[in-house]
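Enquirer: In this note's numbering, the protein residues as written are 275 to 651.
My questions all concern the structure below.
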């Protein structure tokens, strides 16, 4: 989807093209490849009709279908600026008192700051804690308009001199590397545009094409219904001060996206790969381009790549250069690895900045995977 000064349009991806053309080989521990079926045109037309009828009925009722609460209730925030400052903060409430959180800051003149638990993101939630734990607080102040993002605790610091080495090779060192510092961030997120609800706003054509690639059966449709989640995204601006060891090091003004997902089902091992790009341009254009694959696996993303897409009858060429990254695990058994990459973008000649998030599934636990990557390097 692309938001041009508040006007949302969908960029429909074509099947089989997820990921950079020259991606590096997959790391150790990847699952076996699963065959990719070409979509059946009759099934595509049938499911597209079902989606359009469902949307007409939903518009007539004046409300969207909700996925329900149960397995997951998750919020995610990212932000970037043209100076090279970046932020990632997220929290996911799960069953059995599990809270999955991550906190990442990249500050110009300071370096890369990560929560010392990374790559592990699993915590025990405190009673009544919502999206918060002892050192992090995420709180909605006004729905769809304002959120509070706070951090007060230890993070590991990878100084800029060390980060320069990572820029050359984009290594996989997690949050355990670097010295411990105390970080305080008192930030406010404010909406720049309205939310984009994937239940009501996304283009039906790529969804119909994806479903038409599966072998249809009653069991398949039951499974499809069970994994449905309500998910929406919204561009906004993050502002506020950051202190390191009680010294004020930045007054942030970052642009990026937030999302909110909830539903009765989320198993990270269902995801084999995805690539999500969140971009803010100098002319205030906001762009989100993404593709998710459940039956295949994802190679490690390359440092630079180019995306070409068509939206609203206009062609877009997106050039990405990853300057740095942080890596962490998601899932109770670390089923997937997620790269949060801090990037410079150029879209049709206009400079921008933002976040490129890549995920792939691995069957190996983190220590074995990390050792294999570092040995290969």
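For glycine and all other residues, C-beta sits at the position ideal for the given N, C-alpha and C.
Since the model is a prediction, treat every value here as computed from it, not as a measurement.
1) By the three-class DSSP mapping on this structure, what secondary structure does residue 433 have?
2) Which residues mark the beginning and the end of the beta strand (DSSP E) in which residue 564 is found?
3) For residue 605, which of 555, 411, 550 and 366 has the nearest alpha-carbon?
4) Would you say the segment 515-528 touches the segment 615-622, given that touching needs at least three Cβ pairs under 8 Å?
5) Closest by CA to residue 376, which one among 473, 385 and 411?
6) Should residue 624 go down as buried or exposed, given a rule of 16 or more other Cβ atoms within 10 Å for buried?
7) Looking only at DSSP bridge pairs, what is residue 350 linked to?
8) Starting from the C-beta of residue 457, find all residues in its chain whose C-beta is less than 8 Å away, skip the five residues before and the five after it, and write them out in chain order.
9) Ends of the beta strand (DSSP E) at residue 619?
10) Rounded to a whole number of angstroms, what is the C-alpha to C-alpha distance between residue 351 and residue 533?
11) Decide if the segment 502-514 is in contact with the segment 454-472; the criterion is three or more beta carbon pairs, one per stretch, under 8 Å apart.
12) What are the start and end residues of each continuous alpha helix (DSSP H) run of 4 or more residues lying completely inside the segment 457-530, in chain order?
13) In whole angstroms, give me the CA-to-CA distance for residue 504 and residue 349.
14) Assign residue 418 to buried or exposed, taking buried as 16 or more other Cβ atoms, counted over all protein chains shown, within 10 Å of its Cβ.
15) Quick one: Cα of residue 545 to Cα of residue 374, how far?
16) What does DSSP give as the partner residue(s) for residue 556 in the beta ladder?
17) Might you give, ordered along the chain, the residues of its own chain that have their beta carbon closer than 6 Å to the beta carbon of residue 358, omitting 5 neighbours on each side?
18) Is the Cβ-Cβ distance between residue 628 and residue 548 less than 9 Å?
19) In whole angstroms, what separates the C-alpha of residue 372 from that of residue 398?
Expert: If we stick to the structure as given:
1) In the structure shown, residue 433 sits in a strand (DSSP, three-state: E or B).
2) Note, residue 564: beta strand (DSSP E), 560-567.
3) Distance from the Cα of residue 605 is smallest, within the candidate group 555, 411, 550 and 366, for 366.
4) no
5) 411
6) Around the beta-carbon of residue 624, fewer than 16 other beta-carbon atoms lie within 10 Å, marking it exposed.
7) Per DSSP, the beta bridge partners of residue 350 are 364 and 533.
8) These residues qualify, in order along the chain: 379, 387, 425, 426, 427, 428, 429, 516, 517 and 518.
9) 610-621
10) So the alpha carbons of these two residues sit roughly 7 Å apart.
11) yes
12) Counting whole runs of 4 or more residues, the segment 457-530 contains the alpha helix (DSSP H) stretches 478-486 and 492-500.
13) 12 Å
14) exposed
15) Taken atom to atom, the span from the alpha-carbon of residue 545 to that of residue 374 is near 17 Å.
16) Residue 556 pairs with nothing; no bridge assigned.
17) 382
18) no
19) A direct Cα-Cα distance of roughly 5 Å separates residue 372 from residue 398.
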